[in-house]
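Protein chains in written order, with the numbering used here: chain A, 721 to 932; chain B, 175 to 634.
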């Protein structure tokens with residue numbers, strides 16, 4: 721491209737092609753493509769596959785808030801579960817929950833004792849982790865083993881008035897997760913269903929430390 | 175690199191982008207400040223969804239990178255690239271205004287869509303809504319053409335100076351990096367592999383966009399500010415190859431001890447430590463160029479911003495080489511240590527460099543003397559001290575948090591114990607905000623009331 725004079729490493733074409741394109745490709749292969757190649761054989765679960773295992777808390781949610789549930793998700797079942805998880809994930813991303821709550825338990829720092837079973841790759845190979853929500857920060861607790869730890873009512877009360885439920889918590893309130901009559905709306909029910917789904921597939925009764 | 179090329183620099187764009195960079199800087203700082211209040215239980219308006227701390231946080235980071243730093247880089251490049259190459263940028267009338275307007279539309283669109291419509295994307299540092307991603311990618315291609323054409327032209331005449339190498343790779347990399355980070359984990363690669371891609375993007379946004387363009391501009395501004403050549407051409411060569419080889423290889427270090435395969439984690443850790451060597455070459459090169467002229471740190475604000483930024487850079491990169499180790503990660507991962515580090519690199523280094531460039535450029539492009547030395551001093555000291563205290567405070571908070579988690583203290587107790595640290599952080603935030611306000615005040619008053627600049631050698 722360039723017939724510039726001077727040493728070759730100071731020429732436009734070399735810098736543009738070799739450094740700009742080549743080394744980027746090399747680095748990206750190592751750091752992004754090769755982990756993907758390592759895990760390409762893990763079966764990918766679509767929302768329909770996820771919905772085959774509905775945690776019991778979801779049925780309780782339908783019983784406790786029948787009108788709101790019916791209105792937003794219809795009859796309780798696989799279809800409703802997909803709708804609820806999708807709505808929950810949407811709100812989880814929109815409110816940046818994932819900026820204060822991580823979703824992986826590390827094999828170090830006694831996290832297994834605090835949160836439960838150490839995370840493994842296959843539990844992330846699903847539509848709920850597209851885009852992935854592992855998170856990089858814990859202002860609040862890790863959520864990857866949250867399912868079943870608290871009741872539905874606890875979660876909803878916590879979204880409405882976190883400080884009223886947990887003393888001194890720094891979590892914001894989410895009054896827009898509720899209708900004007902105080903009933904949870906699509907977002908409130910969705911995020912609650914999402915919380916109860918997280919880690920529900922882990923058959924492991926490791927002792928979990930209470931959060932407060 | 176003297177003032178002989180004044181005729182080919184378009185002052186309008188330099189002014190335009192500096193103004194918008196500062197507008198976004200003030201907004202971004204204000205949002206960060208409001209966010210920090212949540213952590214000390216001072217959320218005054220909890221019922222407004224568009225003031226929810228989570229949403230503010232995303233605008234805070236994205237506004238910093240796309241609003242403040244990108245506008246600042248454009249201002250710097252509109253000034254530096256024609257002077258480095260001897261050619262005008264590709265096209266000012268159409269491309270220049272397209273870049274200028276489209277960037278502000280994209281940033282404002284991001285703000286509105288994240289705050290008011292809840293349309294954030296679930297990719298860290300890429301929370302700009304999905305609908306804007308193709309537009310931003312196209313915008314980056316246009317930005318690349320705008321500045322790479324003059325560099326290409328000058329490459330035909332003579333060997334390229336180091337600043338140009340960095341600008342070339344920065345402009346090329348950012349397109350690919352942005353595409354990779356915003357599309358692949360969003361639509362194609364789920365789960366843990368998606369996390370590896372996201373980590374690569376988070377890292378590359380800083381390492382393959384902000385860093386090379388920041389270094390490129392510094393390789394122009396340092397010799398110009400000090401009025402003497404860069405200390406070592408050989409070191410700039412070493413730093414360039416070190417950056418180019420090792421920087422793209424460390425994305426996974428954002429997800430250490432995660433289920434991502436360990437070989438990728440080891441590679442990331444080793445390359446991050448080695449990268450420290452490349453960074454040292456740059457820091458040594460800048461500081462050795464300063465050698466003999468350190469007295470100017472007192473008298474020249476631009477030189478002071480730039481070199482205190484360089485010292486912050488040395489600190490933050492040394493910190494990086496140490497805290498990326500898997501052992502250290504056991505404690506400090508997920509803690510406040512990380513935001514402390516991030517503030518020192520994004521604002522303490524690249525932000526300070528931009529403030530230095532602006533201090534130098536603003537009087538020049540308006541032909542006015544800087545209005546108030548006092549305001550400049552207040553701005554510098556409140557920001558520099560505020561940031562230093564914030565950094566130390568968040569580091570300490572991170573250690574407390576990390577060890578308390580490891581010690582299996584009740585989670586809520588670990589939150590309660592952090593309140594004093596978060597309180598100090600808010601105070602430092604106020605200090606930094608006051609500094610930024612003084613900086614802006616001085617810029618405004620320079621235009622309104624500043625004396626005309628004495629013409630020297632064709633500048634002004």
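Where is the CB? At the ideal position from N, CA and C, for every residue including glycine.
{"Asked": "How about residue 234 (chain B): is its C-beta nearer than 8 Å to some C-beta of chain A?", "Found": "no"}
{"Asked": "Give the range of the alpha helix (DSSP H) segment to which residue 878 (chain A) is assigned.", "Found": "872-880"}
{"Asked": "Can you check whether the CB of residue 242 (chain B) is closer than 8 Å to the CB of residue 199 (chain B)?", "Found": "yes"}
{"Asked": "Considering only their Cβ atoms, is the gap separating residue 627 (chain B) from residue 550 (chain B) smaller than 8 Å?", "Found": "no"}
{"Asked": "Helix or strand or just coil, what does DSSP make of residue 904 (chain A)?", "Found": "strand"}
{"Asked": "Could you work out which residue in B:320, B:610 and B:314 is closest to residue 351 (chain B) when comparing CA atoms only?", "Found": "B:314"}
{"Asked": "When you compare the CB positions of residue 264 (chain B) and residue 323 (chain B), do they come within less than 8 Å of one another, or not?", "Found": "yes"}
{"Asked": "Residue 223 (chain B) touches chain A at which residues, Cβ-Cβ below 7 Å?", "Found": "896"}
{"Asked": "What is the DSSP secondary structure of residue 265 (chain B), counted as helix, strand or coil?", "Found": "coil"}
{"Asked": "Would you say residue 743 (chain A) faces chain B, with C-beta separation under 8 Å as the test?", "Found": "yes"}
{"Asked": "Hey, out of B:432, B:239, B:488 and B:478, whose CA is closest to residue 452 (chain B)'s CA?", "Found": "B:488"}
{"Asked": "How long is the line joining the alpha carbons of residue 917 (chain A) and residue 806 (chain A), rounded to whole angstroms?", "Found": "12 Å"}
{"Asked": "Secondary structure at residue 378 (chain B), three-state DSSP: helix, strand or coil?", "Found": "helix"}
{"Asked": "Taking only the alpha-carbon atoms, compute the straight-line gap between residue 181 (chain B) and residue 260 (chain B) and give it to the nearest angstrom.", "Found": "10 Å"}
{"Asked": "Specify, as a first and last residue, the run of the alpha helix (DSSP H) that residue 195 (chain B) falls within.", "Found": "185-213"}
{"Asked": "Does DSSP classify residue 893 (chain A) as helix, strand or coil?", "Found": "coil"}
{"Asked": "Using a Cβ-Cβ cutoff of less than 8 Å, which residues in the same chain neighbour residue 841 (chain A) once the five nearest sequence positions on both sides are dropped?", "Found": "759 and 762"}
{"Asked": "Examine chain B for any beta-carbon lying closer than 8 Å to the beta-carbon of residue 736 (chain A), and answer yes or no.", "Found": "yes"}
{"Asked": "Assign residue 290 (chain B) to one of three DSSP states: helix, strand, or coil.", "Found": "coil"}
{"Asked": "Could you compute how far the alpha carbon of residue 878 (chain A) sits from the alpha carbon of residue 344 (chain B)?", "Found": "45 Å"}
{"Asked": "Specify, as a first and last residue, the run of the alpha helix (DSSP H) that residue 407 (chain B) falls within.", "Found": "407-420"}
{"Asked": "Report buried or exposed for residue 599 (chain B), applying the criterion of at least 16 other Cβ atoms within 10 angstroms of its Cβ.", "Found": "buried"}
{"Asked": "Under the rule that 16 or more other beta-carbon atoms within 10 Å means buried, what is residue 803 (chain A), buried or exposed?", "Found": "buried"}
{"Asked": "Give me the chain B residues within the contact set of residue 872 (chain A), using Cβ-Cβ distance strictly less than 8 Å, ordered along the chain.", "Found": "Residues of chain B passing the Cβ test: none, with the nearest at roughly 21 Å."}
{"Asked": "Just to confirm, are residue 338 (chain B) and residue 307 (chain B) a CB contact at a threshold of 8 Å?", "Found": "no"}
{"Asked": "Identify the continuous alpha helix (DSSP H) that holds residue 812 (chain A) and give its terminal residues.", "Found": "798-814"}
{"Asked": "With a cut-off of 8 Å, does the C-beta of residue 999 (chain A) fall near any C-beta of chain B?", "Found": "An answer regarding residue 999 (chain A) cannot be provided, because it is not within the stretch 721 to 932 covered by chain A."}
{"Asked": "So which residues of chain A does residue 423 (chain B) contact, with C-beta pairs closer than 7 Å?", "Found": "747, 750 and 751"}
{"Asked": "Would a check of beta-carbon distances place residue 816 (chain A) closer than 8 Å to chain B?", "Found": "yes"}
{"Asked": "Using only CA atoms, which one of B:419, B:519 and B:399 lies nearest to residue 464 (chain B)?", "Found": "B:399"}
{"Asked": "With a threshold of 16 other CB atoms inside 10 Å of the CB of residue 728 (chain A), please say whether the residue is buried or exposed.", "Found": "exposed"}
{"Asked": "For a quick check, are the C-beta atoms of residue 377 (chain B) and residue 424 (chain B) less than 8 Å apart?", "Found": "yes"}
{"Asked": "Return the residue from the list A:876, A:851, A:883 and A:863 that minimises the CA-CA distance to residue 167 (chain B).", "Found": "Lying before the first or after the last residue shown, residue 167 (chain B) is absent from chain B, which here runs from 175 to 634."}
{"Asked": "What is the DSSP secondary structure of residue 402 (chain B), counted as helix, strand or coil?", "Found": "coil"}
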